[in-house]
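S.K.: Structure provided below as structure tokens; questions to follow.
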Amino acid sequence: MTLSSHDRKIILDSIRDIPDFPKPGIVFKDITTLLNNPKALNTLMNHLTERYLSYDLDYIAGIDARGFIFGAILADRLGVGFVPVRKKGKLPYTTVAEKYSLEYGFDEVEIHIDAFGEKEGAKVLLIDDLIATGGTAKAAANLIDKVGAQCVEACFIMELGFLKGREGFTPPVYSVLEID
Ligand code: AMP
């Protein structure tokens, strides 16, 4: 289940750094170059599939928008359902919402009230491409809880360790690549 240094390098090398995007001082981690690289994408998805096969998950919940890509592939590989956690105003049915603070102001994520079906305590893996401050993922984990399911782990392709986003996170956090 541990990622070999060879496979880690394949994934890491496929991610592109874009300095000063979307604003000065931010180094944006661009995963489009991972997605269009079949070897890197396959290496990553094989690793995640291997890790989560034994978790007996009921659903994968992916965070808008890059979490949808990895989450949906993984859900299909594991034979479980996929649930989108979306930015406010995008989901058509009845939703439950959670606000979280940004550097300036706040943002809000939503989930369908019936996203995890009838089963109380469904086991859900939360996934996104990157954890920075952790605000988005914590709000998403709270939503899973609010609609009666159980977030058993939060998984990220990358973790910006210096922002300490995993601190104060109730479910276990797994990141494929720690970036300093
Ligand atoms: P946060 O709520 O601070 O943990 O931010 C996480 C969300 O913002 C994720 O959905 C990421 O895709 C995105 N994000 C934050 N920082 C970066 C970055 N440096 N590069 C790419 N995406 C980022």
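Each position in the sequence shown, counted from 1, maps to that position plus 862 in the numbering used here.
For each residue, glycine too, the CB sits at the ideal point set by N, CA and C.
1. In the DSSP assignment, find the unbroken alpha helix (DSSP H) run with Asp933 in it and report its ends.
2. Looking only at DSSP bridge pairs, what is Asp882 linked to?
3. Within 6 Å: the Cβ of Thr998 and any heavy atom of ligand 1?
4. Does the distance between the C-beta of Thr894 and the nearest non-hydrogen atom of ligand 1 fall short of 6 Å?
5. To the nearest angstrom, how far is the alpha carbon of Val1009 from that of Leu953?
6. Under three-state DSSP, which class holds Pro946?
7. Tell me whether Glu982 is buried or exposed, calling it buried when 16 or more other Cβ atoms sit within 10 Å of its Cβ.
8. According to DSSP, is Gly1010 part of a helix, a strand, or is it coil?
9. Less than 7 Å between the beta carbons of Val971 and Val947, yes or no?
10. Below 6 Å, is the gap between the Cβ of Phe890 and the nearest heavy atom of ligand 1?
11. Give me the residue from Ile1006, Arg1028 and Leu988 with the minimum Cα distance to Ala977.
M.R.: According to the data block:
1. Position 71 of the sequence shown holds residue 933. Here residue 933 turns out to be Gly, not Asp, going by the sequence shown. Here the alpha helix (DSSP H) through Gly933 covers Arg928 to Leu940.
2. To locate residue 882, count along the sequence shown from 1; it is residue 20. Asp882 pairs with nothing; no bridge assigned.
3. Indexing the sequence shown from 1 puts residue 998 at position 136. Thr998 Cβ: within cutoff of ligand 1.
4. As a working note, residue 894 is residue 32 in the sequence shown. Every heavy atom of ligand 1 is 6 Å or more from the Cβ of Thr894, so no.
5. Within the sequence shown, residue 1009 is the residue found at index 147, counting from 1. Within the sequence shown, residue 953 is the residue found at index 91, counting from 1. C-alpha separation (whole angstroms): 15 Å.
6. Counting from 1 along the sequence shown, the entry for residue 946 is found at position 84. Strand, per DSSP.
7. Mapped onto the sequence shown, residue 982 falls at position 120. Per the 10 Å Cβ criterion, exposed.
8. Against the sequence shown, residue 1010 aligns to sequence position 148. Three-state DSSP puts Gly1010 in coil, outside helix and strand.
9. Counted from its first residue, the sequence shown places residue 971 at position 109. Counted from its first residue, the sequence shown places residue 947 at position 85. Cβ atoms of Val971 and Val947: closer than 7 Å.
10. Within the sequence shown, numbered from 1, the residue matching residue 890 stands at position 28. Within the cutoff, so yes.
11. For the purposes of this step, residue 977 is identified with residue 115 of the sequence shown, where counting begins at 1. Considering only alpha carbons, the answer is Ile1006.
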